[in-house]
Amino acid sequence: MVSHARWKFARDEKVAQGIAEDPEVERRREEISLAFDLGQAVYDRRVALGLSQTELARRAGMTQPQVSKLELGGTVPTVPLLARLARAMEAMFRMELFGSSIRVTFTDLDGTAPEEAGTEPPSTERASASAAEAETDADAGAERAAATG
7 MVSHARWKFA RDEKVAQGIA EDPEVERRRE EISLAFDLGQ AVYDRRVALG
57 LSQTELARRA GMTQPQVSKL ELGGTVPTVP LLARLARAME AMFRMELFGS
107 SIRVTFTDLD GTAPEEAGTE PPSTERASAS AAEAETDADA GAERAAATG
């Protein structure tokens, strides 16, 4: 199985060589990346709150397997589901689109960003990253997958 970071790196290498991808393949990559980014943001916020997947599922009117699938990037949640998740995690949901980059965050209701509180931000950002950062992200995703079963 190819990790998110590896296919992104492979794509970046092809682009650097001037090899263009089919527009449909690029659209699908963006959709997969968005699903992964949303799942990572949910996972980060849930862990920061010390909630289990089961507890988050109960609060959001979901099942634990649905939360697991979402966190692993297996689905793109609807806007109403994102609103339920934000309420369940006592957070504001923000999605910032700029160019080909996206930033997804769940922040405290008072608007305090997690980095202001001295914690790691519960967000992911899809932009140019070094290979070391990509490997770190892949390792974290593998640990999360192992932990969620």
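Residues 7 to 155, numbered by the working numbering, are exactly what the sequence shown covers, in order. Where is the CB? At the ideal position from N, CA and C, for every residue including glycine. Keep in mind the model is a prediction, meaning the values are calculated, not measured.
Of the residues the options, the one placed nearest residue i, counting alpha carbons only
i           : options              : result
residue 103 : 40, 29 and 53        : 40
residue 43  : 77, 27, 21 and 61    : 77
residue 115 : 108, 107, 105 and 91 : 91
residue 87  : 101, 66 and 18       : 66
residue 74  : 97, 96 and 49        : 49
residue 101 : 33, 45 and 29        : 45
Residue i versus residue j: straight-line alpha-carbon distance, rounded
i           : j           : result
residue 94  : residue 20  : 41 Å
residue 99  : residue 111 : 6 Å
residue 85  : residue 22  : 35 Å
residue 106 : residue 55  : 30 Å
residue 69  : residue 79  : 16 Å
residue 113 : residue 71  : 24 Å
residue 62  : residue 96  : 11 Å
Residue i burial status per 10 Å Cβ neighbour count (16 or more: buried)
i           : result
residue 191 : One cannot answer for residue 191 here, as it falls past the ends of the chain, which runs 7 to 155.
residue 51  : buried
residue 60  : exposed
Which residues DSSP lists as bridging residue i, in chain order
i          : result
residue 41 : BP columns for residue 41 are empty, so no partner.
residue 98 : 113
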